[in-house]
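Report on the following structure.
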Amino acid sequence: MISVNITTTSNRTSLCAATIYSFYNQSIRPDIINLWISREPYLSDDGFTEVPKFVEELNMICDLIKVHFVKNTGPYRKILPALKEASDDDVLVYADDDVIYSFKWLEELYNEFIKHNREYVVASRVRMMKKNFTGNYCSYSMFPVITENIIMNNDFLITGVGGAVLMKKHIRDEYLTNEDYLEIAPKTDDVWISKILQLSHSSVVTCPRGLSCIMEITHNTDALS
């Protein structure tokens, strides 16, 4: 089963609706779209008292969206709960809630994933973590976005805006249950997820073709964190 996973906050539902609608218009349509939200407030999220109205409207077109109410862990909800619940054969895709993904986005990522026999994580927007002359990592702004199709074993930083494909096997169980990120990195899920992938000895294949398939929505709404 191929699932696309996303989270949002109570003040970003219009953004999320547009993003999810773009999932409906993919050349390869996912089997299910999982929307992970919470009732309780956390960070900039006031929480949801009910299922967002757009869910019913879009499900009338095609019944794809399943809403899950989970513990509010902010941006981490877009993939960690899905990995915990997934079977070993499930293919999971995660994405951000303020992006329009064009027609070929999922196809590009999925084909790259299958090309490598599901061995590697695949992501379209990956930064290479660079070190300075003292041996310490440079600031985030100095990490270049990879524009070549390569396999990276370490020093990679996947950014959710481009989407990523993975399976349960790519992250060790001990990291799926570890919630230290709530104190260490509550707002920087891209950094934490990339780190636990590396600690799990999972490599990532960059899929720069997917970069042309993303259009970030310009808005003034608070970030997920």
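Here UniProt numbering is used: position 53 in the sequence shown is 53, and no number is missing along the way. Heads up, the beta-carbon is just placed ideally off N, CA and C, and yes, glycines get one too. The model shown is predicted, which means the values in this text are computed figures rather than measured ones.
Let me know the secondary structure DSSP gives residue i once reduced to three states.
i      : result
Ser38  : coil
Ile146 : coil
Tyr94  : strand
Leu64  : coil
Val70  : coil
Between which two residues does the alpha helix (DSSP H) harbouring residue i extend?
i      : result
Thr19  : Thr13 to Tyr24
Leu166 : Per DSSP, Leu166 belongs to no alpha helix (DSSP H); it is in the beta strand (DSSP E), Ala164 to Leu166.
Hey, quick one: how far does the beta strand (DSSP E) through residue i stretch, first residue to last?
i      : result
Ala86  : Per DSSP, Ala86 belongs to no beta strand (DSSP E) and is neither H nor E.
Val191 : Premise fails: Val191 lies in the alpha helix (DSSP H), Asp189 to Leu199, not in any beta strand (DSSP E).
Glu216 : Ile214 to Glu216
Tyr101 : Val99 to Tyr101
Ile158 : Phe156 to Ile158
According to the neighbour-count rule (16 or more other Cβ atoms, all chains shown, within 10 Å of its Cβ), is residue i buried or exposed?
i      : result
Leu199 : exposed
Val91  : buried
Thr73  : buried
Ile114 : exposed
Thr206 : buried
Ser27  : exposed
Cβ of residue i within 8 Å of Cβ of residue j?
i      : j      : result
Met128 : Ile151 : no
Gly160 : Lys78  : yes
Glu56  : Gly47  : no
Leu109 : Ile65  : no
Pro208 : Asn111 : no
Val126 : Val204 : yes
Leu58  : Ile217 : no
Can you tell me which residues form a DSSP beta bridge with residue i?
i    : result
Ser3 : Ile32 and Leu92
Measuring from the CB of residue i, is there a heavy atom of the ligand HEM at a distance below 7 Å?
i      : result
Ser203 : Absent from the structure shown: the ligand HEM. Ligands present: none.
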